[in-house]
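**Q** Numbering (the numbering used here), first residue to last: 830 to 1043.
1) Restricting to Cα atoms, I'd like to know which of 1015, 963, 916 and 878 is closest to residue 890.
2) Going by C-alpha distance, which of 931, 954, 1037 and 919 is nearest residue 939?
3) Run the proximity test for residue 872: is its beta-carbon closer than 6 Å to any non-hydrogen atom belonging to the ligand PLP?
4) Looking at C-alpha atoms only, which residue of 1035, 992 and 1029 is the closest neighbour of residue 1015?
5) Between the Cα of residue 952 and those of 978, 941, 963 and 967, spot the shortest distance and give me the residue it belongs to.
6) Taking only runs of the alpha helix (DSSP H) that begin and end inside the region 938-980, which ones reach a length of at least 4 residues, in chain order?
7) Identify every residue that forms a DSSP beta bridge with residue 1016.
8) With distance defined between alpha-carbon atoms, name the residue in 987, 968, 900 and 998 nearest to residue 1009.
9) Who does residue 893 pair with in a DSSP beta bridge?
10) List the whole-angstrom C-beta distance separating residue 962 from residue 941, where the pair is believed to meet the contact cut-off of C-beta under 8 Å.
11) Output the residue ranges of the beta strand (DSSP E) runs that lie fully inside the region 904-936 and measure 3 residues or longer, sorted by chain position.
12) Excluding the five sequence neighbours on either side, which residues of its own chain have a C-beta within less than 7 Å of the C-beta of residue 901, listed in chain order?
13) Just mark residue 859 as buried or exposed, buried being the case when its beta carbon has 16 or more other beta carbons within 10 Å.
14) So, for residue 933: in the same chain, excluding its five sequence neighbours on each side, which residues have a beta-carbon less than 8 Å away from its beta-carbon?
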């Protein structure tokens, strides 16, 4: 009687399934696996979520699309956690204890659409790193150190629709000089009393279809 018929494996004699190894992955499975973030990136996501308690939303492949670090102890020393997210669209860094250094990490995140930097120590120089993100349509710079010089960088965001300048150091003259020609800009937010009535009248007169709210 054949031992093979009894299901007995002889030394050195593997069944066909064992010899062929594990089932080969389909092309679709391979593509899905390759689309997932590699281990280093997944570790960075864990650090954001676990150590900093950030709210991180990802797409079906596991890449972050929305990171909310508002009110966390993020700081510039963790800015490396923000770089290289190719699908990141929304980033909230309000009250996250950052300066211009953290914005350098955003230079290659070219799909950004909403960036909230309220109540941070960023200034004019950091805004230069956002100019590669031509898709940004909402930018919150409220109560930062931004001045008229920073508006020159803002003016390069051609798709900007909403801009919050509440409590910044910009002037009415700076807004007219740098933002007047931004065709898609619909709304600029200002703090009550940030400009005089005469300045607000001038802005409303010359800013075309852009609405100013204080």
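In this text, a Cβ means the ideal position worked out from N, Cα and C, and glycines have one as well.
Predicted model only: the values in this text are computed from it and were never measured.
**A** Reading it off the structure:
1) 916
2) 919
3) Here there are no bound small molecules, and the ligand PLP is not part of this structure.
4) 992
5) 978
6) 953-956
7) Answer is 991 and 1040.
8) 987
9) 887, per the DSSP bridge assignment.
10) Contact between residue 962 and residue 941 holds, since their C-beta atoms are separated by about 4 Å, short of 8 Å.
11) 919-921
12) 881, 882, 883 and 925
13) Caution is warranted here: a pLDDT of 49 is assigned to residue 859, below 50, making its placement in the model unreliable, and the coordinate value is therefore given only provisionally. The residue in question, residue 859, is exposed, as its Cβ has fewer than 16 Cβ neighbours within 10 Å.
14) 908, 955 and 958
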